[in-house]
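Novice:
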Amino acid sequence: MADKNVSMRTPLSRVKGLGASGHGVEHWWLQRLTAAANVPLMIAFAFIVAALAGSSYVEALALISHPLVAIILILAVVSVANHMRLGMQVIIEDYVHGSAARVVAIIANNFYTVAVAVACLYAILKVSLGRILF
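First residue of the sequence shown: 52, per my numbering; consecutive thereafter.
Okay, here's the thing in C-alpha coordinates:
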(Lines of atoms letter the chains of each structure in order from A and count residues from 1; the text may use other names and numbers.)
(Lines give C-alpha, C1' and ligand atoms only; values in the text may rest on other atoms or scores of the structure.)
Protein backbone atom coordinates (compact mmCIF):
# COMPACT_ATOMS: atom_id res chain seq x y z
CA MET A 1 0.00 0.00 0.00
CA ALA A 2 1.33 3.49 -0.87
CA ASP A 3 2.20 5.90 1.90
CA LYS A 4 -0.16 8.89 1.79
CA ASN A 5 2.40 11.18 3.47
CA VAL A 6 4.93 11.02 0.62
CA SER A 7 5.63 14.48 -0.76
CA MET A 8 7.48 15.70 -3.82
CA ARG A 9 8.73 18.71 -1.82
CA THR A 10 12.16 18.71 -0.26
CA PRO A 11 12.49 18.96 3.51
CA LEU A 12 13.94 22.49 3.15
CA SER A 13 10.97 23.52 1.02
CA ARG A 14 8.54 22.18 3.61
CA VAL A 15 10.36 24.05 6.41
CA LYS A 16 10.40 27.37 4.52
CA GLY A 17 6.76 26.99 3.49
CA LEU A 18 7.35 28.52 0.09
CA GLY A 19 5.67 27.59 -3.16
CA ALA A 20 7.34 26.54 -6.38
CA SER A 21 8.96 29.88 -7.10
CA GLY A 22 9.22 31.07 -3.52
CA HIS A 23 8.21 34.67 -4.15
CA GLY A 24 4.92 34.67 -6.03
CA VAL A 25 2.78 35.77 -3.11
CA GLU A 26 5.20 38.55 -2.19
CA HIS A 27 5.17 39.79 -5.79
CA TRP A 28 1.35 39.68 -5.86
CA TRP A 29 1.04 41.60 -2.57
CA LEU A 30 3.59 44.22 -3.63
CA GLN A 31 1.68 44.81 -6.84
CA ARG A 32 -1.57 45.28 -4.89
CA LEU A 33 0.15 47.53 -2.35
CA THR A 34 1.57 49.82 -5.03
CA ALA A 35 -1.81 49.90 -6.76
CA ALA A 36 -3.47 50.99 -3.52
CA ALA A 37 -0.76 53.60 -2.90
CA ASN A 38 -1.18 54.93 -6.44
CA VAL A 39 -4.83 55.87 -5.87
CA PRO A 40 -4.29 58.77 -3.43
CA LEU A 41 -1.00 59.70 -5.08
CA MET A 42 -2.62 60.03 -8.52
CA ILE A 43 -5.50 62.05 -7.05
CA ALA A 44 -2.95 64.41 -5.48
CA PHE A 45 -1.03 64.48 -8.78
CA ALA A 46 -4.22 65.46 -10.63
CA PHE A 47 -4.78 68.33 -8.19
CA ILE A 48 -1.18 69.48 -8.66
CA VAL A 49 -1.52 69.42 -12.46
CA ALA A 50 -4.85 71.27 -12.21
CA ALA A 51 -3.20 73.90 -10.01
CA LEU A 52 -0.48 74.32 -12.64
CA ALA A 53 -2.99 74.98 -15.42
CA GLY A 54 -2.69 78.56 -16.59
CA SER A 55 0.27 79.26 -14.31
CA SER A 56 3.32 81.13 -15.42
CA TYR A 57 6.72 79.48 -15.37
CA VAL A 58 7.66 81.22 -12.13
CA GLU A 59 4.38 80.19 -10.45
CA ALA A 60 4.87 76.59 -11.60
CA LEU A 61 8.41 76.54 -10.18
CA ALA A 62 7.14 77.96 -6.90
CA LEU A 63 4.42 75.30 -6.63
CA ILE A 64 6.72 72.38 -7.43
CA SER A 65 9.38 73.81 -5.10
CA HIS A 66 6.99 73.50 -2.16
CA PRO A 67 8.27 70.62 0.01
CA LEU A 68 4.88 68.87 0.34
CA VAL A 69 4.29 68.96 -3.42
CA ALA A 70 7.81 67.70 -4.12
CA ILE A 71 7.40 64.84 -1.64
CA ILE A 72 4.06 63.84 -3.18
CA LEU A 73 5.60 63.86 -6.65
CA ILE A 74 8.60 61.81 -5.50
CA LEU A 75 6.36 59.24 -3.80
CA ALA A 76 4.19 59.06 -6.92
CA VAL A 77 7.20 58.45 -9.17
CA VAL A 78 8.59 55.71 -6.92
CA SER A 79 5.23 53.97 -6.50
CA VAL A 80 4.18 54.21 -10.14
CA ALA A 81 7.59 53.09 -11.43
CA ASN A 82 7.62 50.09 -9.10
CA HIS A 83 4.04 49.19 -10.06
CA MET A 84 4.94 49.53 -13.74
CA ARG A 85 7.96 47.25 -13.29
CA LEU A 86 5.95 44.60 -11.47
CA GLY A 87 3.11 44.63 -13.99
CA MET A 88 5.42 44.41 -16.98
CA GLN A 89 7.36 41.59 -15.33
CA VAL A 90 4.15 39.56 -15.04
CA ILE A 91 3.42 40.13 -18.73
CA ILE A 92 6.97 39.12 -19.67
CA GLU A 93 6.82 35.98 -17.53
CA ASP A 94 3.48 35.00 -19.05
CA TYR A 95 4.11 35.74 -22.74
CA VAL A 96 7.84 35.64 -23.45
CA HIS A 97 8.87 32.09 -24.23
CA GLY A 98 12.42 30.87 -23.97
CA SER A 99 14.46 31.42 -20.87
CA ALA A 100 17.15 33.56 -22.52
CA ALA A 101 14.63 35.94 -24.08
CA ARG A 102 12.71 36.12 -20.81
CA VAL A 103 15.82 36.99 -18.81
CA VAL A 104 16.85 39.67 -21.33
CA ALA A 105 13.34 41.14 -21.32
CA ILE A 106 13.18 41.24 -17.51
CA ILE A 107 16.61 42.89 -17.32
CA ALA A 108 15.57 45.45 -19.95
CA ASN A 109 12.34 46.08 -18.03
CA ASN A 110 14.29 46.74 -14.83
CA PHE A 111 16.78 49.06 -16.55
CA TYR A 112 14.01 50.97 -18.33
CA THR A 113 12.04 51.42 -15.11
CA VAL A 114 15.08 52.66 -13.21
CA ALA A 115 16.01 55.05 -16.04
CA VAL A 116 12.51 56.56 -16.14
CA ALA A 117 12.32 56.85 -12.34
CA VAL A 118 15.77 58.43 -12.04
CA ALA A 119 15.01 60.94 -14.80
CA CYS A 120 11.74 61.92 -13.09
CA LEU A 121 13.32 62.13 -9.65
CA TYR A 122 16.19 64.22 -11.00
CA ALA A 123 13.75 66.65 -12.59
CA ILE A 124 11.69 66.98 -9.41
CA LEU A 125 14.77 67.43 -7.22
CA LYS A 126 16.33 69.91 -9.65
CA VAL A 127 13.21 72.07 -9.63
CA SER A 128 12.53 71.78 -5.91
CA LEU A 129 16.14 72.14 -4.74
CA GLY A 130 17.49 74.04 -7.73
CA ARG A 131 18.77 77.04 -5.89
CA ILE A 132 20.37 74.93 -3.17
CA LEU A 133 22.11 72.04 -4.91
CA PHE A 134 22.23 72.50 -8.65
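All residues carry an ideal CB built from backbone N, CA and C; glycine is no exception.
With a threshold of 6 Å (Cβ to nearest heavy atom), would N133 be considered close to the ligand GDP?
Specialist: The ligand GDP is not part of this structure, which contains no ligands at all.
Novice: Following the continuous alpha helix (DSSP H) through A101, name the residue where it begins and the one where it ends.
Specialist: Position 50 of the sequence shown, counting from 1, holds the residue named residue 101. Start and end: 75 to 103.
Novice: Can you give me the start and stop residues for the alpha helix (DSSP H) that G138 sits inside?
Specialist: As a working mapping, residue 138 is identified with position 87 in the sequence shown. Where G138 is concerned, the enclosing alpha helix (DSSP H) stretches over 118 to 146.
Novice: Quick check: what's the CA-CA separation for A174 versus V147?
Specialist: In the sequence shown, the residue the question calls residue 174 occupies position 123. In the sequence shown, the residue the question calls residue 147 occupies position 96. The straight-line gap from Cα to Cα measures roughly 33 Å.
Novice: What whole-angstrom Cβ distance do E153 and I143 have, given they're in contact under 8 Å?
Specialist: Translated into positions along the sequence shown, residue 153 becomes position 102. Translated into positions along the sequence shown, residue 143 becomes position 92. According to the sequence as given, residue 153 is Arg; it is not Glu. Correct: roughly 6 Å between the Cβ atoms.
Novice: Assign A127 to buried or exposed, taking buried as 16 or more other Cβ atoms, counted over all protein chains shown, within 10 Å of its Cβ.
Specialist: If you number the sequence shown from 1, residue 127 lands on position 76. Flag for A127 reads buried.
Novice: Taking contact to mean 3 or more Cβ pairs, one atom from each stretch, closer than 8 Å, check whether the segment 93 to 112 and the segment 153 to 171 are in contact.
Specialist: no
Novice: If you drop the 5 nearest sequence neighbours on each side, which residues of the same chain put their C-beta closer than 6 Å to that of T85?
Specialist: Position 34 of the sequence shown, counting from 1, holds the residue named residue 85. Contacts found: S130, N133, H134.
Novice: Going by DSSP, what residue range makes up the alpha helix (DSSP H) through L176?
Specialist: By 1-based counting over the sequence shown, the position of residue 176 is 125. Here the alpha helix (DSSP H) through L176 covers 150 to 179.
Novice: Got a sec? Which residues, its chain only, sit under 6 Å from A88 by beta carbon, not counting five neighbours each side?
Specialist: As a working mapping, residue 88 is identified with position 37 in the sequence shown. Around A88: S130.
Novice: Going by alpha carbons, who is nearest to L17 out of L63, A168, N160?
Specialist: In this structure the chain extends from 52 to 185, so residue 17 is not present and cannot be described.
Novice: Exposed or buried, what is T61 when buried is set at 16 or more other beta-carbons lying within 10 Å of its beta-carbon?
Specialist: Here residue 61 refers to the residue found at position 10 when the sequence shown is read from its first residue. Exposed.
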